[in-house]
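This report concerns only the one structure given below.
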Amino acid sequence: MGLENKILVKLKSAGFRLNDKWLVQGVSLQVEKGKIVTLIGPNGSGKSTTAKIALGIYKKIDGEVEKYTNKIGYVPQKISIDWTLPLRVKDFMSLTENLEDKTISEALSLTGVIHLKDKNLGDLSGGEFQRVLLSRAISKKPELLVLDEPVQGVDFTGEIALYELIKKISEDLNCGILLISHDLHTVMSATDHVVCLNGHVCCSGSPIDVAKNREYKALFGEQASQTLSIYEHKHDHIHTSEGKIKKN
Amino acid sequence: MLDDFFIRALFAGIGVALVTGPLGCFVVWRRLSYFGDTLAHSALLGVTLAYSLEFNIALSVFIISALIALILINLQKRTNLPGDALLGLLAHSSLAVGLVVIGFLSFIRFDVMGLLFGDILAVNVNDIIIIWIGGAIILLVLKFIWKSLFASTVNYELAEAEGLDPDKAKAIFTILMAAIIAISIKMVGLLLITGMLIIPAAMARNISNSPQQMVLFSVIGGLLSVIIGLFTSLEFNTASGPSIIAASLFLFILSLLKIKQSIKLKN
Chain U
26 MGLENKILVK LKSAGFRLND KWLVQGVSLQ VEKGKIVTLI GPNGSGKSTT
76 AKIALGIYKK IDGEVEKYTN KIGYVPQKIS IDWTLPLRVK DFMSLTENLE
126 DKTISEALSL TGVIHLKDKN LGDLSGGEFQ RVLLSRAISK KPELLVLDEP
176 VQGVDFTGEI ALYELIKKIS EDLNCGILLI SHDLHTVMSA TDHVVCLNGH
226 VCCSGSPIDV AKNREYKALF GEQASQTLSI YEHKHDHIHT SEGKIKKN
Chain P
4 MLDDFFIRAL FAGIGVALVT GPLGCFVVWR RLSYFGDTLA HSALLGVTLA
54 YSLEFNIALS VFIISALIAL ILINLQKRTN LPGDALLGLL AHSSLAVGLV
104 VIGFLSFIRF DVMGLLFGDI LAVNVNDIII IWIGGAIILL VLKFIWKSLF
154 ASTVNYELAE AEGLDPDKAK AIFTILMAAI IAISIKMVGL LLITGMLIIP
204 AAMARNISNS PQQMVLFSVI GGLLSVIIGL FTSLEFNTAS GPSIIAASLF
254 LFILSLLKIK QSIKLKN
């Protein structure tokens, strides 16, 4: 295996159970250098859980996680910050790694929030904070980026620009990206590999393959895949409540 | 003029304030004031055991406080009781057991007031050495875990995901809390140690806008409180602990005036 496709993180039929309820199980995937892997799926399908398994936040898991890098940038889906801390944007930027002032400025410029550098973190709007979160994750030039809905709350034009930025970062830094997104258009245009989750891996493959997949259509509706629906495979199981799977 | 005992108290107090400044910021940030109280209450048991076994007081307090912290973490995992109930349970039961043990030790003359509120007359050269060496170790360890502890205070998952070790930092910080209580108990007294941790840090929060600044102001506030408090204590013959804490309260009130001003400026 060449250096170009060095594996950064690998999940082998990984799963996580909270109070006897499986949040997700049997997930196998890998993120390689320079590749974007996107997780899609309905609410509660285990996307964020899968990301946290990959990051090592959840420790008591089923299956295996192999991590081959420690240079990781993470944008969590939900973040609650305690405002008893006096924290400016630039303090937040070097939270997990000390960065030079220049590096901080560059990263903030990339997402268009350089003017907020000396502002208190508590004074930012939701969209501004989201941009700062993304800046922080990319500023340390990570090998692996885990982005859990990185553009939520960002305005429409900003959203497109940020997705372009993410694509550019993966090329410039040659880092691997594990992306969670609801925006199917973006997913289909900017992703190398799609994993469709619904408590387990429903289907995975290149965006085109997944769009043709019947389970994908069952989850996201006919429209989501109308452009490419030549090929269909037989759906060999149905979903019951609580994410259980029943074979046909 | 200044007496020997006063110089000793000043040295001891300054040593304590240098350590409670940064540690107190974390107590405020991580919402650990009741945790600090619980450890401080348990210190009474440590002191009585030290007397009855003729053991070093600081070491004994440190061991008992660390033990209580361990028991707390264990109870949090085993029971469904809320955190504050467990803290209250441990604080008051360890205080009660400590007082009961004092009752049995009738052959030793105890200065209970001094234990509760601090006694500058009791500070000897040995105590100063313990405070400065212990304090230096605490600050060194804190510097070592700072990144992980601070990052996980802001957000646990970010710290964990990006290769830091929040769980280890938290465990070490708990031990540091026990250590600061052990070295400052003679100066401030066990009922007021948490005040020494929280009030200067709270004052600093009011007037700072970055973490580093808050730590710095917290240290300065602590030092001023000790100096003003001890001089007052000497002048008016009041107990040292309460005088120091009252001085820090005074500084806190001053910091509120600054907030009021800046709000006026904004409008």
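So the sequence lines, in the order shown, correspond to chains U and P. With this note's numbering applied, the first sequence covers 26 to 273. With this note's numbering applied, the second sequence covers 4 to 270. Just so you know, even glycine gets a beta-carbon here, dropped at the ideal spot from N, CA and C.
Give the interface partners of G98(U) over in chain P, defined as CB-CB distance under 8 angstroms, in chain order. E165
Is there at least one Cβ from chain U nearer than 8 angstroms to S213(P)'s Cβ? yes
Nearest-angstrom Cα distance between G40(U) and E153(U)? 34 angstroms
Is there contact between the stretch 63-71 of chain P and the stretch 115-125 of chain P, where contact requires at least three CB pairs shorter than 8 angstroms? no
Counting pairs of beta carbons, one from the stretch 92-110 of chain U and one from the stretch 150-169 of chain P, are three or more of them closer than 8 angstroms? yes
Should L218(U) go down as buried or exposed, given a rule of 16 or more other Cβ atoms within 10 Å for buried? It is His, not Leu, that sits at residue 218(U) in the sequence shown. With 16 or more Cβ atoms within 10 Å of its Cβ, H218(U) is classed as buried.
If you measure between the beta carbons of P67(U) and D173(U), is that distance less than 8 angstroms? no
Could you list the residues in the stretch 224-256 of chain P with a C-beta less than 7 angstroms from some C-beta on chain U, going in chain order? none
Please report whether the beta-carbon of M224(U) lies at a distance below 8 angstroms from any beta-carbon of chain P. According to the sequence as given, residue 224(U) is Gly; it is not Met. Cβ-Cβ to chain P under 8 angstroms: no for G224(U).
With 8 angstroms as the threshold, decide whether the Cβ of T23(P) is near any Cβ in chain U. no
Do the stretch 143-159 of chain U and the stretch 78-86 of chain U touch if we need at least three Cβ pairs shorter than 8 angstroms? no
Helix, strand or coil at L170(U) [DSSP, three-state]: strand
Given P111(U) as reference, the closest of F110(P), S68(P), A174(P) and W32(P) once Cα atoms are compared: W32(P)
G18(P): buried (16+ other C-beta within 10 angstroms of its C-beta) or exposed? buried
Does the Cβ of T252(U) have 16 or more other Cβ atoms within 10 Å, making it buried, or fewer, making it exposed? Only weak support is given to the placement of T252(U): the predicted model assigns it a pLDDT of 39, under 50, and the value that follows is read from those uncertain coordinates. Burial call: exposed.
For E131(U), decide whether its Cβ has a neighbour in chain P, counting only Cβ atoms nearer than 8 angstroms. no
Give the list of continuous alpha helix (DSSP H) stretches no shorter than 4 residues that lie fully inside the stretch 183-259 of chain U. 209-215, 232-237 and 239-245
Provide the residue(s) that pair with V56(U) in DSSP beta bridges, ordered along the chain. V34(U)
Since T177(P) is in the alpha helix (DSSP H), which residue starts that stretch and which ends it? P169 to V191
Buried or exposed: which applies to A20(P), given that a residue is buried once 16 or more other Cβ atoms fall within 10 Å of its Cβ? buried
Here's the rule: buried if 16 or more other CB atoms are within 10 angstroms of the residue's CB, otherwise exposed. What is N129(P)? exposed
F14(P) by DSSP, collapsed to three states: which one? helix
Tell me which residue opens and which closes the alpha helix (DSSP H) that G121(P) is part of. First-last for G121(P): undefined, no H or E at that position.
Give the interface partners of N95(U) over in chain P, defined as CB-CB distance under 8 angstroms, in chain order. G166
Report yes or no: do the stretch 200-219 of chain P and the stretch 85-93 of chain P share at least 3 C-beta pairs separated by less than 8 angstroms? no
I'd like to know if the stretch 32-48 of chain U and the stretch 69-83 of chain U are in contact, where contact means that at least 3 CB-CB pairs between them fall below 8 angstroms. yes
Less than 8 angstroms between the C-beta atoms of F181(U) and L146(U), yes or no? no
Return yes when the Cβ of A15(P) is within less than 8 angstroms of the Cβ of I183(P), no when it is not. no
With a cut-off of 8 angstroms, does the C-beta of R81(P) fall near any C-beta of chain U? no
Have a look at V62(U), K92(U) and L169(U) and flag the residue whose alpha-carbon is nearest the alpha-carbon of I205(U). V62(U)
Can you give me the C-alpha to C-alpha distance between V171(U) and K242(U), rounded to a whole angstrom? 26 angstroms
Beta-carbon of I78(U) versus every beta-carbon of chain P: anything under 8 angstroms? no
If I'm right that G39(P) touches L200(P) with Cβ under 8 angstroms, what's the distance once you round it to whole angstroms? 6 angstroms
Any beta carbon of chain P sitting closer than 8 angstroms to that of D107(U)? yes
Considering only C-alpha positions, which residue in the set Q79(P), L142(P) and A43(P) is nearest to T23(P)? L142(P)
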